[in-house]
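Worksheet: the structure to be examined is printed underneath.
Residue numbers (our numbering): -15 to 165.
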């Protein structure tokens, strides 16, 4: 569900990806998170290239917050440069993004069955309910991609190699090698 409606892909065979904390145009994030870039321009080029190499035009990306800094016009340029249909969840740096795309929901849930399991997507890490895995961003490089002890997964770009991750791969990590989709 996204803003109260089911997220439907444009193509029946579309792939779905997750990513968080791209921080396009944010020069200081390079230093704050020890990102391996010399400038925001270089970071933006690499993030856009990695995104577009992974994501096709028919694919869906759910961005878990902190998309970009800059003017509304610059945010539109980032949106036009990226492949796929993008759905956004609200992060703590998304005020300008909301001016461009409208109000953003704080979370969404992807129910999986069998066995019953919900992927709760949100910007901030949190404590999962029973039968739930929280997929989040916000903490950048402060947690591994997946921590099975606490049923949380960090999809901040620092944890994903600066590229979107397929939901199918996340499900495989969460369920373990013995489970099938």
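Glycine included, C-beta positions come from ideal geometry on N, C-alpha and C.
* How is the alpha helix (DSSP H) around residue 5 delimited, first residue to last? -> Segment: none, residue 5 is in no alpha helix (DSSP H) and carries neither H nor E.
* **Whole-angstrom C-beta distance between residue 122 and residue 107, which should lie under 8 Å** => 5 Å
* Inter-stretch contact at 8 Å, needing at least 3 Cβ pairs: the segment 84 to 100 / the segment 16 to 33 -> no
* Among the residues of its own chain, which have a CB less than 7 Å from the CB of residue 9, if the five just before and after it don't count? -> Non-local beta-carbon contacts of residue 9 in its own chain, meaning distances under 7 Å to residues more than five positions away in sequence, involve 24, 28, 52, 53, 54 and 58 in chain order.
* To do: For residue 12, name the three-state secondary structure that DSSP assigns.
  => It is helical.
* When burial is assigned at 16 or more other CB atoms within 10 Å of the CB, is residue 83 buried or exposed? -> exposed
* Taking all protein chains shown into account, decide if residue 15 is buried (16 or more other Cβ within 10 angstroms of its Cβ) or exposed. => exposed
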